[in-house]
Amino acid sequence: MAYEVIDIRQFDSRALEHLLDAEAQAWNLDLRWDYSSSRRMIANCLDEKRISGYAVKDQGGTSGYSFFFYEEGKGLIGNLFVEGSRDHLERAHLLLRHVLETLLATPGLVRVETQLPHYSFEALEPLFREHGFEGHLRRFMVMSLPRPRWTPYGSGSSGAGKPTLRDFRILPWERRHDSGVAQVIHSAYRNHIDAQINDQYATLEGTARLVESILQQRGCGELLPTASLVAIHAPTGKLAAALAVTAVRTRTAHIPQIAVATEFQNHGIGSALLETSFQDLTKNRFEEVSLTVTDRNGGAVRLYESMDFLTFRTFGAFTWGNVPQL
Numbered sequence: 002m003a004y005e006v007i008d009i010r011q012f013d014s015r016a017l018e019h020l021l022d023a024e025a026q027a028w029n030l031d032l033r034w035d036y037s038s039s040r041r042m043i044a045n046c047l048d049e050k051r052i053s054g055y056a057v058k059d060q061g062g063t064s065g066y067s068f069f070f071y072e073e074g075k076g077l078i079g080n081l082f083v084e085g086s087r088d089h090l091e092r093a094h095l096l097l098r099h100v101l102e103t104l105l106a107t108p109g110l111v112r113v114e115t116q117l118p119h120y121s122f123e124a125l126e127p128l129f130r131e132h133g134f135e136g137h138l139r140r141f142m143v144m145s146l147p148r149p150r151w152t153p154y155g156s157g158s159s160g161a162g163k164p165t166l167r168d169f170r171i172l173p174w175e176r177r178h179d180s181g182v183a184q185v186i187h188s189a190y191r192n193h194i195d196a197q198i199n200d201q202y203a204t205l206e207g208t209a210r211l212v213e214s215i216l217q218q219r220g221c222g223e224l225l226p227t228a229s230l231v232a233i234h235a236p237t238g239k240l241a242a243a244l245a246v247t248a249v250r251t252r253t254a255h256i257p258q259i260a261v262a263t264e265f266q267n268h269g270i271g272s273a274l275l276e277t278s279f280q281d282l283t284k285n286r287f288e289e290v291s292l293t294v295t296d297r298n299g300g301a302v303r304l305y306e307s308m309d310f311l312t313f314r315t316f317g318a319f320t321w322g323n324v325p326q327l
């Protein structure tokens, strides 16, 4: 069947309402995520012609779309969604090829990033590789609440001069901590695989924007203040670690960010933050908590699996150009 690819700016939100509804349903059923707020934002952008992209159309009407936007010298592919099972991947590849060719022909563009959770890594990687992209396998993981009773790791002595959990105070994350949290994230992700996927991790300015995005823009859900925590190293007063937790569905929480400063890693403080947060989530009647993690980050994957997180979906993150070197 012949498909037509059309500039998405020729459509308003009403013309693509069925696709927006189908995508929201897919997020809820497949990814345990209430997509309502993102759906409204995309609809507003369509009506105001503020995003670029393409829709695919056949005799039955529009059946898929993808959009992208620019951030200084970087292109970000915001989504790729196709409904229906017939020729599903063919239509997805057709859309994606148009998006990639448009982005890579943009003067002055030095980098492109995307994460596309509706598709497996294997389904899209060959097309991205054909266009010079590097791919990274990522996991969507989930853990049921409540948790079994926890025995803190590192709560006793860990040797002369080495910090233990008794040296840290765990507190709610408040706005006064934002600058310190950005520094912790930058420290923790220096030379980290995730800095290849999201170049915001590569600079302090970028991690500050990342913190602001989590707290204010709500793209990763509604922040849960009592479950979002920081750890302070009492002897020095240094902010040692931070954990952001959001609500993405009525009974589903999500962890968009956890970071432990390099000098305080391997002492159990990340686990302590998580377990303290899980207790708060249970008290507030959350039934599960999800997160995403890069498969090559083996230490994190093993930690989450030891906490009974299960992988329920894998997908790809893809980057082109100006990739920070590990």
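327 is the number that my numbering gives the last residue of the sequence shown; the numbers go up by one with no jumps.
Here a beta-carbon is modelled for each residue, glycine too, at the ideal position from N, C-alpha and C.
Locate the beta strand (DSSP E) running through ARG314, then write down its first and last residues. That run of the beta strand (DSSP E) goes 311–321.
Starting from HIS187 and walking both ways along the alpha helix (DSSP H), at which residues does that stretch end? Note, HIS187: alpha helix (DSSP H), 179–189.
Give the DSSP bridge partners of PHE68, in chain order. GLY54 and ASN80
Residues near LEU282 by beta carbon distance below 8 Å, same chain, minus five either side: LEU146, LEU225, ALA228, VAL246, ALA254 and VAL290
Out of SER53, LEU17, THR63 and GLY54, point me to the one whose CA is closest to ARG41's CA. LEU17
Distance CB(LEU117)-CB(LEU105) smaller than 8 Å: no
Going by DSSP in three states, ILE259 sits in which element: helix, strand or coil? strand
Using a Cβ-Cβ cutoff of less than 6 Å, which residues in the same chain neighbour LYS239 once the five nearest sequence positions on both sides are dropped? none
Name, in chain order, the residues that DSSP records as bridge partners for ARG85. This sequence places Gly at residue 85; Arg is not what is there. According to DSSP, GLY85 bridges with nothing at all.
For LEU21, name the three-state secondary structure that DSSP assigns. LEU21: helix per DSSP, three-state reduction.
Helix, strand or coil at HIS234 [DSSP, three-state]: strand
When you compare the CB positions of VAL302 and ASP296, do they come within less than 8 Å of one another, or not? Going by C-beta atoms, VAL302 is nearer than 8 Å to ASP296.
Is the Cβ-Cβ distance between PHE141 and PHE313 less than 8 Å? Yes, the pair counts as a contact, with Cβ atoms nearer than the cut-off.
Quick one: residues in its chain with C-beta nearer than 6 Å to the C-beta of LYS75, no 5 flanking neighbours on either side, listed in chain order? ARG112
For ASP296, which residues does DSSP report across the bridge? DSSP lists no partner for ASP296.
Residue span of the alpha helix (DSSP H) that contains ALA273, given as start and end: 270–284
Buried or exposed for ARG252, going by 16 or more other Cβ atoms inside 10 Å? exposed
Answer yes or no: the CB of GLY220 versus the heavy atoms of the ligand MN, is any distance below 7 Å? This structure lacks the ligand MN, and indeed carries no ligand of any kind.
Below 8 Å between beta carbons: does that hold for ALA189 and ALA260? With respect to ALA260, ALA189 sits close: the two C-beta atoms are nearer than 8 Å.
Between SER53 and ILE9, how many whole angstroms is the CB-CB distance? I'm expecting something under 8 Å. 7 Å
Limits of the beta strand (DSSP E) - the one that ASP8 falls within: Segment 5–8, the beta strand (DSSP E) holding ASP8.
Between which two residues does the alpha helix (DSSP H) harbouring PRO127 extend? 122–131
When the Cα of ILE198 is compared with those of ILE233, HIS137 and PHE129, which residue comes out closest? Relative to the Cα of ILE198, the nearest Cα in the group ILE233, HIS137 and PHE129 belongs to HIS137.
C-beta atoms of TYR66 and HIS99 nearer than 8 Å: no
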